[in-house]
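Enquirer: Residue numbers (my numbering): 145 to 391.
Glycine included, C-beta positions come from ideal geometry on N, C-alpha and C.
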Amino acid sequence: MPRQARKKSKTGIYHIMLRGINRETIFNNEKDCTKFIYTMQKSKEKSKFEIYGYCLMGNHVHLLLREGKEPLSLIMQRMCSSFVYWYNGEYDRLGHLFQERYKSETVENEAYLITVLRYIHQNPIKAGITDLVSGYKWSSYHEYIHGKNIIDTEFIFELFASKDDFEIYMNETNEDICLDYKEKHRITDEEIIKLIEKKYGIKKGLFHLLEKQKKNMILKKLKEKEGITIRQLARVTGASKYMVERA
145 MPRQARKKSK TGIYHIMLRG INRETIFNNE KDCTKFIYTM QKSKEKSKFE
195 IYGYCLMGNH VHLLLREGKE PLSLIMQRMC SSFVYWYNGE YDRLGHLFQE
245 RYKSETVENE AYLITVLRYI HQNPIKAGIT DLVSGYKWSS YHEYIHGKNI
295 IDTEFIFELF ASKDDFEIYM NETNEDICLD YKEKHRITDE EIIKLIEKKY
345 GIKKGLFHLL EKQKKNMILK KLKEKEGITI RQLARVTGAS KYMVERA
């Protein structure tokens, strides 16, 4: 079947998602995240778009931007091609990094604009990585609070009476539903380590000291409730694949 044409935004504003091919991890470390933000900045300088929000998760990216002198398709092509070229060289790999067709939705009014931005900033909370919006390093929230780098903050701040109102809104509990992938977020090794420490009080490198019954209980919950693969659990915890399978 032919692909459905993308809906054109009357405002030029889009909420965009990029996912790793086969749901593979994109961001393995801080260097990868830093490079992606740098790539966004360089693409912005060439394409003259405005960016209102981003969040870099383990295997996907949320972006909120407004087209400039170039259409969205060209913006994304420029940005992705540049990052993939660097990434493949860095990790000595070939081929695609992102799922071929990015997802996008139009943002046609100010109410939905700030809803999407909150959804993006709260993505790490919904993934169980942190309890606070401010607790996740790789989102645009910190640029709004501590000073901008690549984010065009002025347009968003004009929609709030004060910076305090912005912070309150971004941290409010909500039932927002925006563009996303249906499957569960596939978290990185680092995120699993933080999750184990947060939920079970087990610090990195100490899992092997637990009693067998407690190990099995934690492994079972991580498999069933968090959807973490056997291979990844074995790698992160140091448990054998056999133990993880039997848990």
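I'd like the span of the beta strand (DSSP E) that includes Val-205, first residue to last.
Expert: Element bounds for Val-205: 204-210.
Enquirer: Taking all protein chains shown into account, decide if Ile-300 is buried (16 or more other Cβ within 10 angstroms of its Cβ) or exposed.
Expert: By the 10 Å Cβ count, Ile-300 comes out buried.
Enquirer: Between the alpha carbons of Ser-284 and Lys-152, how many angstroms are there, rounded?
Expert: Cα-Cα distance, rounded: 25 Å.
Enquirer: Can you tell me which of the three DSSP states Gly-197 falls into?
Expert: In this structure, Gly-197 counts as strand in the three-state DSSP scheme.
Enquirer: Cα-Cα, which of Glu-334, Ile-331, Ile-362 and Asp-333 is closest to Gly-345?
Expert: It is Ile-362 whose Cα lies nearest to the Cα of Gly-345.
Enquirer: Measure the Cβ-Cβ separation of Lys-365 and Ile-374 and say whether it is below 8 Å.
Expert: Cβ atoms of Lys-365 and Ile-374: not closer than 8 Å.
Enquirer: In chain order, what residues of the same chain have a beta carbon less than 8 Å from the beta carbon of Cys-199, not counting five sequence neighbours either side?
Expert: Contacts found: Val-205, His-206, Ile-264, His-265, Asn-267, Pro-268, Tyr-280, Trp-282, Ser-283 and Ser-284.
Enquirer: Report the residue from Gly-349, Lys-358, Gln-357 and Lys-356 whose alpha carbon sits nearest the alpha carbon of Arg-379.
Expert: Comparing Cα-Cα distances from Arg-379 to each of Gly-349, Lys-358, Gln-357 and Lys-356, the minimum goes to Gly-349.
Enquirer: Alpha carbon to alpha carbon, how far is Tyr-288 from Thr-297?
Expert: The straight-line gap from Cα to Cα measures roughly 6 Å.
Enquirer: What is the DSSP secondary structure of Glu-249, counted as helix, strand or coil?
Expert: Strand.
Enquirer: State the CB to CB distance for the pair Gly-197 and Leu-261, rounded to an integer number of angstroms; the pair is presumed to be in contact (CB under 8 Å).
Expert: Confirmed, about 5 Å.
Enquirer: Which of helix, strand or coil does DSSP assign to Arg-163?
Expert: Residue state, collapsed to three classes: strand.
Enquirer: From which residue to which residue does the alpha helix (DSSP H) around Ile-181 run?
Expert: Ile-181 -> alpha helix (DSSP H) spans 174-191.
Enquirer: For Ala-149, is the classification buried or exposed, using 16 other Cβ atoms within 10 angstroms of its Cβ as the cut-off for buried?
Expert: Result: exposed.
Enquirer: For Ile-295 and Leu-377, I'd like the C-alpha separation in whole angstroms.
Expert: Approximately 36 Å between the Cα atoms of the pair.
Enquirer: With a threshold of 7 Å, establish whether the CB of Arg-237 neighbours any heavy atom of the ligand FMN.
Expert: Absence of the ligand FMN from the depicted structure is noted, as is the absence of any ligand whatsoever, leaving it without description.
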